[in-house]
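Worksheet for the structure shown next.
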Amino acid sequence: MAGTGLLASILTDKYVDHLPLYRQLQRFKRENIPIAASTLDGWVRQGLERLEILYDWLMKDTRGKGYLQGDETTIRVLDATKKKQTHLGYYWVYHNPMDGTVLFDYQKGRGKEAPKKLLEGFKGYLQSDGYAVYGQYGRQDGVTHLCCWAHARREFFDAQQNDRTKAELALTFIKKLYEVEAHCREMRLSPEDRKAYRLDKALPILDTFSNWLKENYAQVLPKSSIGKAMAYTMTRWEELTNYLMDGMLEIDNNAIENKIRPVAIGRKNYLFAGSHDAAQRAAMIYSFFAIPILGTGSARSRT
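Heads up: the sequence shown begins at 1 in UniProt numbering, then just goes up one per residue.
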């Protein structure tokens, strides 16, 4: 087994700096350090397996959070049962904005069973995009489901080519909501003060926006881009406005999307995971690297 420092460097290079193992082998070779590919693979596997106990604890801790943001991203995986093609798997990602907890969980699919381990029996606030699976878990007893204004905004942004006037007006409403959020951050308002400020400033904007949507939806084709954007927003209106309930809640899911971004970068470099087990081992290290550590900015110091 490699020493702690060397293993930390290898894992950081692969999962933070997105340097595939074959390129690390090339670097070792240039430095006249003979390491077999199988040896390097074994070190990584054994190193990640040592995290399993901590990861199991993290999973239990994450389930107990009273506020989770959820999202998912794809990962190609080699599957011995599929000849000449890879399996499209998913990292389901959960984030608590209050303390920065992040959990990556690999699942083979994107159906209702995939997040069951984390979300069945969950109590609290669950924030997501408009994907229906989250909505099903959001209807559990003890759960308040929140949707993401950034996703609603994208719908109207994409609808500008269809009906620029209506789309731009909708974007103006949403921009005003984000101006309220910007003020809260700038003034560093407490959750209590942020809730009060939102109710004073954002609620009237939302009421006007809601009335505008209802009045104008009859004027558009339901299957047009602007019609779909308006329907997307209206059918999720309760979930989109639930962030007003508590000042600790966020207006969107942007924070979790930022946690996922490094995986997308790495996906371009090493293309696929070697197996389903390897994909889950990677989920463990992605989780720990994504959690902010107070007092250090070094990923190596976490390994």
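All residues carry an ideal CB built from backbone N, CA and C; glycine is no exception. Every value quoted in this text rests on a predicted model; they were computed, and no experiment measured them.
- Query: Using the rule of at least 16 other Cβ atoms within 10 Å of the residue's Cβ for burial, across every protein chain shown, is W57 buried or exposed?
  - Reply: Sixteen is the threshold: since fewer than 16 other Cβ atoms of the shown chains lie within 10 Å of the Cβ of W57, the residue is exposed.
- Residue closest to V180, alpha-carbon to alpha-carbon, out of L171, L203 and G124: Comparing alpha carbon positions, the residue from L171, L203 and G124 closest to V180 is L203.
- Task: Look at H18 and G274 and say whether their C-beta atoms are less than 7 Å apart.
- Result: No. Outside cutoff.
- Where the beta strand (DSSP E) through T74 begins and ends: Note, T74: beta strand (DSSP E), Y67 to V77.
- Extent of the continuous beta strand (DSSP E) run through H87: From DSSP, the beta strand (DSSP E) with H87 extends over H87 to H95.
- From the DSSP output, which residues share a beta bridge with C147? Bridge pairing for C147: S128 [DSSP].
- Message: Please identify the residue among A278, R194, D99 and P292 whose C-alpha is closest to the C-alpha of D41.
- Response: Considering only alpha carbons, the answer is A278.
- Label K14 either buried or exposed according to how many other C-beta atoms from any shown protein chain fall within 10 Å of its C-beta, with 16 as the threshold for buried. With 16 or more other Cβ atoms within 10 Å, it is buried.
- Query: Whose C-beta lies closer than 7 Å to the C-beta of G297 among residues of the same chain, with five residues either side of it excluded?
  - Reply: For G297, the pLDDT reaches just 47, beneath the cut-off of 50, and the residue's location in the model is therefore unreliable, leaving the point undetermined.
- The alpha helix (DSSP H) with L51 in it runs from where to where? Counting along the chain, L51 falls outside any alpha helix (DSSP H), and DSSP gives it neither H nor E.
- Message: Beta-carbon within less than 6 Å of K65's beta-carbon, same chain only, minus the 5 sequence neighbours each way: which residues are those?
- Response: Non-local beta-carbon contacts of K65 in its own chain, meaning distances under 6 Å to residues more than five positions away in sequence, involve N96 in chain order.
- Task: Kindly confirm or deny that the segment 224-238 and the segment 204-216 touch, where touching means at least three C-beta pairs closer than 8 Å.
- Result: They touch, by the three-pair rule.
- Compute the beta-carbon to beta-carbon distance between G130 and H145, rounded to the nearest angstrom, for a pair I have assumed lies under 8 Å. Wrong, their Cβ atoms sit about 11 Å apart, outside the cutoff.
- C-alpha gap between N32 and L51, whole angstroms: Whole-angstrom Cα-Cα distance: 30 Å.
- Item | Straight-line Cα distance separating Y90 from T73 | Straight-line spacing of the CA atoms in T73 and Y90 works out to 6 Å.
- Query: When the Cα of K123 is compared with those of N254, T81, T62 and V220, which residue comes out closest?
  - Reply: The shortest C-alpha separation from K123 is found at T62.
- Message: If you follow the alpha helix (DSSP H) that L6 is in, where does it begin and where does it stop?
- Response: For L6, the enclosing alpha helix (DSSP H) covers residues T4 to Y15.
- Message: Based on DSSP bridge pairs, tell me the residues matched to V102.
- Response: Paired residues: H95.
- Query: Buried or exposed: T12, going by 16 or more other Cβ atoms within 10 Å of its Cβ?
  - Reply: Buried, because 16 or more other Cβ atoms sit within 10 Å of the Cβ of T12.
- Item | 7 Å Cβ shell around Q280 - same chain, five flanking residues per side excluded | The beta carbon of Q280 sits closer than 7 Å to the beta carbons of Y106 from its chain, once the five residues preceding and following it are set aside; these are given in chain order.
- Task: Determine, using beta carbons only, whether G70 and Y134 come nearer to each other than 7 Å.
- Result: Cβ atoms of G70 and Y134: closer than 7 Å.
- Go through its chain and collect everything with a Cβ distance to E250's Cβ below 6 Å, but skip five positions before and after it. Once the five neighbours on either side are set aside, the close Cβ partners of E250 are P97.
- Do Q127 and N253 come within 7 Å of each other at the CB atom, strictly closer than that value? With a cutoff of 7 Å on beta-carbon distance, N253 and Q127 are scored as near each other.
- Just the C-alpha distance for T86 and I75, rounded to the nearest angstrom, thanks. The straight-line gap separating the alpha-carbon atoms of T86 and I75 is approximately 10 Å.
- Query: When the distance is taken between beta carbons, is I226 closer than 7 Å to K166?
  - Reply: Contact flag set, yes.
- Query: Can you check whether the CB of F104 is closer than 7 Å to the CB of A255?
  - Reply: Between A255 and F104, the C-beta gap is not smaller than 7 Å, which leaves the two residues out of contact.
- Report yes if the CB atom of A8 is closer than 7 Å to the CB atom of W43, and no otherwise. 7 Å or more divides the Cβ of A8 from the Cβ of W43.
- Query: Between D193 and L25, what straight-line distance do the alpha-carbon atoms span, to the nearest angstrom?
  - Reply: Here the alpha carbon of D193 sits roughly 54 Å from the alpha carbon of L25.
- Query: Roughly how many angstroms separate the alpha carbons of R198 and P191, rounded to a whole number?
  - Reply: C-alpha separation (whole angstroms): 10 Å.
- Query: Is it right to say residue 333 is buried, meaning 16 or more other beta carbons lie within 10 angstroms of its own, or is it exposed?
  - Reply: Any answer about residue 333 is impossible in this case: the structure gives the chain only from 1 up to 303.
- Message: I'd like to know whether the C-beta atoms of I260 and V93 end up nearer to each other than 7 Å.
- Response: Taking 7 Å as the Cβ cut-off, I260 and V93 qualify as a contacting pair.
- What are the boundary residues of the alpha helix (DSSP H) that includes V180? Segment R164 to E186, the alpha helix (DSSP H) holding V180.
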